[in-house]
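Participant:
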Amino acid sequence: MNTFIFCLKIVTFSLLIWIFQCFFNCNSSKLMFNQNIKEEIFGLKYKRALGETSELKNENLFDDIKFIDEDPDTDEALTREQEKVPKIETTIQSRHDEDESDDEENETEELYTFHSSISEKWNSNITQMWNIFCSQTRGFDLNWRARKWYDVWHPRLSYEIYKTDVIIFETSHPIEEKKKIVDKCLGDMMKDFKHFIFQCKEEWNKWGILEAERREHQEMMLKKADDSYEKEKEKKGGSTQSVSESLYGDSDEQRKFYRKLSMDWNNMVASMWKLYILKTKGIDNIWKNKKWRKEWHSIIVLEKTELQLNFIEEKVPFRERISLFNEWTIDLLSRFDLFLKKCIAEWNERKSMESKDSGDSEGSKDVEVD
Numbered sequence: 001m002n003t004f005i006f007c008l009k010i011v012t013f014s015l016l017i018w019i020f021q022c023f024f025n026c027n028s029s030k031l032m033f034n035q036n037i038k039e040e041i042f043g044l045k046y047k048r049a050l051g052e053t054s055e056l057k058n059e060n061l062f063d064d065i066k067f068i069d070e071d072p073d074t075d076e077a078l079t080r081e082q083e084k085v086p087k088i089e090t091t092i093q094s095r096h097d098e099d100e101s102d103d104e105e106n107e108t109e110e111l112y113t114f115h116s117s118i119s120e121k122w123n124s125n126i127t128q129m130w131n132i133f134c135s136q137t138r139g140f141d142l143n144w145r146a147r148k149w150y151d152v153w154h155p156r157l158s159y160e161i162y163k164t165d166v167i168i169f170e171t172s173h174p175i176e177e178k179k180k181i182v183d184k185c186l187g188d189m190m191k192d193f194k195h196f197i198f199q200c201k202e203e204w205n206k207w208g209i210l211e212a213e214r215r216e217h218q219e220m221m222l223k224k225a226d227d228s229y230e231k232e233k234e235k236k237g238g239s240t241q242s243v244s245e246s247l248y249g250d251s252d253e254q255r256k257f258y259r260k261l262s263m264d265w266n267n268m269v270a271s272m273w274k275l276y277i278l279k280t281k282g283i284d285n286i287w288k289n290k291k292w293r294k295e296w297h298s299i300i301v302l303e304k305t306e307l308q309l310n311f312i313e314e315k316v317p318f319r320e321r322i323s324l325f326n327e328w329t330i331d332l333l334s335r336f337d338l339f340l341k342k343c344i345a346e347w348n349e350r351k352s353m354e355s356k357d358s359g360d361s362e363g364s365k366d367v368e369v370d
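Take 1 as the starting number for the sequence shown in UniProt numbering and just add one per residue.
(1) Below 8 Å between beta carbons: does that hold for residue 196 and residue 130?
(2) Taking DSSP as the reference, what is the three-state secondary structure of residue 281?
(3) Is residue 200 near residue 127, with beta carbons less than 8 Å apart?
(4) With a threshold of 8 Å, are at least 3 pairs of Cβ atoms found where one atom belongs to the segment 275-283 and the other to the segment 338-356?
(5) Give the single residue among 185, 151 and 172 whose Cα lies nearest to the Cα of residue 121.
(6) From 268, 351, 326 and 332, pick the residue whose C-alpha is nearest to that of residue 287; which is it?
(7) Would you mind sorting residue 147 into buried or exposed? The rule is 16 or more other CB atoms within 10 Å of its CB.
(8) Only counting the same chain, and skipping five residues up and downstream in sequence, which positions put a Cβ closer than 8 Å to that of residue 334?
(9) Any idea if residue 307 is buried or exposed, counting beta-carbon neighbours within 10 angstroms, 16 or more meaning buried?
(10) Going by beta-carbon coordinates alone, are residue 329 and residue 221 separated by less than 8 Å?
(11) Return the first residue and the last residue of the alpha helix (DSSP H) that residue 158 is part of.
(12) Classify residue 46: buried if its beta carbon has 16 or more other beta carbons within 10 angstroms, exposed otherwise.
(13) Checking 8 Å against the spacing of the C-beta atoms, do residue 324 and residue 303 come in under that value?
(14) Can you tell me the Cβ-Cβ gap for residue 161 and residue 178, rounded? I've got them flagged as a contact below 8 Å.
(15) So what does DSSP say about residue 215, is it helix, strand or coil?
(16) At the level of alpha carbons, what is the spacing between residue 301 and residue 157?
(17) When the Cα atoms are used, what is the spatial distance from residue 192 to residue 111?
(18) Alpha carbon to alpha carbon, how far is residue 165 from residue 3? Give it in angstroms, no decimals.
(19) What are the boundary residues of the alpha helix (DSSP H) that residue 145 is part of?
(20) May I ask you to report which of helix, strand or coil DSSP gives residue 32?
(21) Is it true that the CB of residue 272 sits closer than 8 Å to the CB of residue 336?
(22) Distance check for residue 132 and residue 190, CA to CA, integer angstroms please.
(23) Is the closest heavy atom of the ligand MN to the C-beta of residue 139 under 7 Å?
(24) Should residue 175 and residue 114 be called a contact, given that it needs their Cβ atoms to be closer than 8 Å?
(25) My understanding is that residue 295 touches residue 339, with C-beta atoms under 8 Å, so please give their C-beta distance in whole angstroms.
(26) Compute the beta-carbon to beta-carbon distance between residue 299 and residue 347, rounded to the nearest angstrom, for a pair I have assumed lies under 8 Å.
(27) Count the other CB atoms within 10 Å of the CB of residue 292; is the residue buried (16 or more) or exposed (fewer)?
(28) For residue 108, which option in 155, 145, 255 and 169 has the closest C-alpha, if you only look at C-alpha atoms?
(29) Report the rounded CA-to-CA distance for residue 321 versus residue 216, giving the unit in angstroms.
(30) Could you give the DSSP three-state label for residue 221: helix, strand or coil?
(31) Can you name, in chain order, every residue of its own chain whose Cβ lies under 8 Å from the Cβ of residue 125, other than the five neighbours on each side?
(32) Three-state secondary structure (DSSP) at residue 139?
(33) Using the Cβ count rule (16 or more neighbours within 10 Å means buried), how would you classify residue 17?
(34) Answer with buried or exposed for residue 19, where buried requires no fewer than 16 other C-beta atoms within 10 angstroms of its C-beta.
Here it is as structure tokens:
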């Protein structure tokens, strides 16, 4: 019984292998252009050749061959009988049919060559577009730049590639006309790409103007806070008390509250600085200190001034100022995370550009030595 089950398993496994080999299609294309259409065109050529061979096999290939007996006495009788029998003409492929098959083979090879040349041209154009996009948008935010390329321009490229693929394998147009159509599509794509670059620059400039207006507004608020502080100082008779003590009242509860806020703020800034030093380890000290002073330290000062201004003008009730400070802290930490990622990305891009420039200069030196 065990032997029977073992044999049955072997037979089942053999049938599964046979079904897999006979009915599973292993020829799947993963290239940019659809090669399944190309394989169907090539398959038609081989099907045609197989059909012509089968027609020849159905015919009697020995109809025009005469079997002559070796006996010389019966030669004349056999000859007379064969003359009486009507002759059957065998169908042989004409020269015209051979020429047609050769033309179709040449056309298929020409189509394959044309497809390869168009693929190379498209790939070179896309690489050129990417290099131009990187050079024209250098200094922009990396996330914004990647979103523009992959969400706006890349779908347009995919659609144009599909449309070009349909044109290439369209049988109603000759090769020369297809070349003209594809060249026109490439020209239109380059024009649209220039317009896309112009739109990206225009949008980025608008964002820069809005950012400048926001900074100007923050500077105005800072100036307003300084003026308010000077006025309060004059009212107090030139006292040297701190801002929290002179502007927020004299009660012990309020003093303790503002001292605690000041300590929390200083601890948060110190934690940001430690995290910045840790994450930017290995980066040039002069460069990262300059980024901190020019970009982030000014933001910290403006945010602190705006928070103090809200407390000074009593826009927020005293009991709600703790929740306001917590919301302010969370927002500032999220902005610091974005600033940190931006610094690391800018440094990596700078190093890659320097390595690329050094490689190009070494290559030019090698050429001069040769």
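Yeah, the Cβ is synthetic: ideal placement off N, Cα and C, and Gly gets one too.
Facilitator: So, from the listed chains and residues:
(1) What you label residue 196 is simply residue 196 of the sequence shown in a count that begins at 1. What you label residue 130 is simply residue 130 of the sequence shown in a count that begins at 1. 8 Å or more divides the Cβ of residue 196 from the Cβ of residue 130.
(2) On the sequence shown, position 281 is the one that residue 281 refers to. The three-state reading of DSSP puts residue 281 in coil, since its state is none of H, G, I, E or B.
(3) Position 200 of the sequence shown holds residue 200. Position 127 of the sequence shown holds residue 127. Not a contact, by the Cβ cut-off of 8 Å.
(4) These segments touch.
(5) On the sequence shown, residue 121 is found 121 positions in, with the first residue counted as 1. The option with the nearest alpha carbon to residue 121 is 185.
(6) Walking along the sequence shown from the start, residue 287 turns up at place 287. Selected option, being the one with the closest Cα: 351.
(7) Reading the sequence shown from its first residue, position 147 is the one you call residue 147. Here residue 147 is exposed: its Cβ has fewer than 16 other Cβ atoms, across all protein chains shown, within 10 Å.
(8) Working through the sequence shown from its first residue, we reach residue 334 at position 334. Excluding residues within five positions, none has a Cβ falling inside 8 Å.
(9) The residue given as residue 307 occupies position 307 in the sequence shown. So residue 307 ends up on the buried side.
(10) Here residue 329 refers to the residue found at position 329 of the sequence shown. Here residue 221 refers to the residue found at position 221 of the sequence shown. No; because the gap between Cβ atoms is not below 8 Å, this pair is not in contact.
(11) Within the sequence shown, residue 158 is the residue found at index 158, counting from 1. Segment 154-168, the alpha helix (DSSP H) holding residue 158.
(12) The count along the sequence shown starts at 1 and reaches residue 46 at position 46. Because residue 46 sits at a pLDDT of 46, beneath the cut-off of 50, its placement in the model cannot be relied upon, and the following sentence gives the value as read from the coordinates. With fewer than 16 other beta carbons inside 10 angstroms of its own, residue 46 counts as exposed.
(13) The residue you call residue 324 lines up with position 324 of the sequence shown. The residue you call residue 303 lines up with position 303 of the sequence shown. Their beta carbons are not under 8 Å apart, which means residue 324 does not touch residue 303 by this criterion.
(14) In the sequence shown, the residue the question calls residue 161 occupies position 161. In the sequence shown, the residue the question calls residue 178 occupies position 178. In fact, because the Cβ distance is near 15 Å, the residues do not count as touching under 8 Å.
(15) In the sequence shown, counting from the first residue as 1, residue 215 sits at position 215. Residue 215 falls in the helix class under three-state DSSP.
(16) Indexing the sequence shown from 1 puts residue 301 at position 301. Indexing the sequence shown from 1 puts residue 157 at position 157. Rounded to the nearest whole angstrom, the C-alpha separation of residue 301 and residue 157 is 46 Å.
(17) Counted from its first residue, the sequence shown places residue 192 at position 192. Counted from its first residue, the sequence shown places residue 111 at position 111. Using only the alpha carbons, I get a separation of about 28 Å.
(18) Position 3 of the sequence shown, counted from the start, is the residue given in the question as residue 3. Position 165 of the sequence shown, counted from the start, is the residue given in the question as residue 165. In this model, residue 3 and residue 165 are separated by some 57 Å (Cα to Cα).
(19) As a position in the sequence shown, residue 145 is number 145, starting the count at 1. The continuous alpha helix (DSSP H) containing residue 145 extends over residues 142-148.
(20) Position 32 of the sequence shown holds residue 32. Bear in mind that a pLDDT of 43 at residue 32, under 50, signals an unreliable position, so the number given afterwards is only what the model happens to contain. Residue 32 falls in the coil class under three-state DSSP.
(21) The residue given as residue 336 occupies position 336 in the sequence shown. The residue given as residue 272 occupies position 272 in the sequence shown. For residue 336 and residue 272, yes; Cβs fall inside 8 Å.
(22) To locate residue 190, count along the sequence shown from 1; it is residue 190. To locate residue 132, count along the sequence shown from 1; it is residue 132. Between residue 190 and residue 132, the C-alpha separation is close to 11 Å.
(23) This structure lacks the ligand MN; in fact it carries no ligand of any kind.
(24) For the purposes of this step, residue 175 is identified with residue 175 of the sequence shown, where counting begins at 1. For the purposes of this step, residue 114 is identified with residue 114 of the sequence shown, where counting begins at 1. Residue 114 sits close to residue 175, with the two beta carbons spaced by under 8 Å.
(25) Here residue 295 is taken as the residue at index 295 of the sequence shown, counted from 1. Here residue 339 is taken as the residue at index 339 of the sequence shown, counted from 1. Residue 295 to residue 339, Cβ: 7 Å. Contact.
(26) For the purposes of this step, residue 299 is taken as the residue at position 299 of the sequence shown. For the purposes of this step, residue 347 is taken as the residue at position 347 of the sequence shown. The pair is not a contact, with the Cβ atoms about 19 Å apart (cut-off 8 Å).
(27) Reading the sequence shown from its first residue, position 292 is the one you call residue 292. Counting Cβ neighbours within 10 Å, residue 292 comes out buried, since at least 16 surround it.
(28) Looking up residue 108 in the sequence shown gives position 108. For the residues 155, 145, 255 and 169, the minimum Cα distance to residue 108 belongs to 169.
(29) Locating residue 321 in the sequence shown gives position 321, where the first residue counts as 1. Locating residue 216 in the sequence shown gives position 216, where the first residue counts as 1. Whole-angstrom Cα-Cα distance: 26 Å.
(30) As a working mapping, residue 221 is identified with position 221 in the sequence shown. Note: residue 221 maps to helix in three-state DSSP.
(31) Numbered from 1 along the sequence shown, position 125 holds the residue referred to as residue 125. Closer than 8 Å at Cβ, skipping near neighbours: 186, 189 and 190.
(32) Along the sequence shown, one-based indexing puts residue 139 at 139. DSSP places residue 139 outside both helix and strand once states are collapsed to three, so it counts as coil.
(33) Within the sequence shown, residue 17 is the residue found at index 17, counting from 1. In summary, residue 17 is exposed, with fewer than 16 beta-carbon neighbours lying within 10 Å of its beta-carbon over all protein chains present.
(34) Locating residue 19 in the sequence shown gives position 19, counting from the first residue. Label assigned to residue 19: exposed.
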